[in-house]
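Numbering (the working numbering), first residue to last: 6 to 176.
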């Protein structure tokens with residue numbers, strides 16, 4: 006016999022995971038409500054306000070818009086995997102302000118081969134960081150630019166997903 010709860014417990018999430026590596030980070034006061042569509046953690050968002058005057062966040066829609074990192078803490082129940090978590094529409098999320106040469110984070114939301122010294126920017130279409138040699142067409146106009154400073158192969162630390170460590174070059 007089937008059970009809705011059993012089915013939910015057996016499904017494995019595919020959402021992005023990550024870690025903050027900076028000793029301290031600045032966050033947007035009181036976070037922001039997620040608007041428009043669900044957003045994975047450790048991806049980039051843009052901010053605005055709704056009709057009630059509350060700060061809202063939605064997935065970054067263009068490379069040249071001011072970007073912020075979404076890094077909401079997860080509350081785990083029943084042994085959930087970290088890849089099961091995401092920020093749903095209406096949730097209040099922690100929003101990290103990107104600081105040049107200071108903000109470092111790991112993310113599983115990337116494409117390309119992570120090698121120290123390569124560059125990255127966030128692609129609003131794929132909702133992932135694109136790793137490249139700095140010659141990508143959108144890189145020049147990206148408001149947020151990153152340097153690849155490490156990749157992580159320790160699967161226990163990475164929460165079961167390959168991750169890349171990025172440092173903010175420009176925000």
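Note that beta-carbon positions come from the ideal geometry of N, C-alpha and C, so glycine has one too.
On the premise that residue j lies in contact with residue i, defined as a C-beta separation below 8 Å, what is that separation, rounded to the nearest angstrom?
| i | j | result |
| --- | --- | --- |
| residue 69 | residue 131 | About 17 Å separates the two Cβ atoms, so there is no contact after all. |
| residue 133 | residue 114 | 5 Å |
| residue 103 | residue 72 | 7 Å |
| residue 65 | residue 101 | So it is not a contact: roughly 13 Å between Cβ atoms. |
Using three-state DSSP, classify residue i as helix, strand or coil.
| i | result |
| --- | --- |
| residue 89 | helix |
| residue 116 | strand |
| residue 146 | helix |
| residue 126 | strand |
| residue 107 | coil |
| residue 98 | strand |
| residue 68 | coil |
Is it right to say residue i is buried, meaning 16 or more other beta carbons lie within 10 angstroms of its own, or is it exposed?
| i | result |
| --- | --- |
| residue 81 | exposed |
| residue 153 | buried |
| residue 40 | buried |
| residue 46 | buried |
| residue 166 | buried |
| residue 43 | exposed |
| residue 123 | buried |
| residue 150 | buried |
Just the C-alpha distance for residue i and residue j, rounded to the nearest angstrom, thanks.
| i | j | result |
| --- | --- | --- |
| residue 118 | residue 32 | 30 Å |
| residue 55 | residue 63 | 11 Å |
| residue 60 | residue 97 | 10 Å |
| residue 38 | residue 93 | 9 Å |
| residue 135 | residue 83 | 34 Å |
| residue 148 | residue 85 | 35 Å |
| residue 128 | residue 108 | 19 Å |
| residue 79 | residue 24 | 11 Å |
| residue 176 | residue 50 | 13 Å |
| residue 53 | residue 76 | 17 Å |
| residue 36 | residue 155 | 28 Å |
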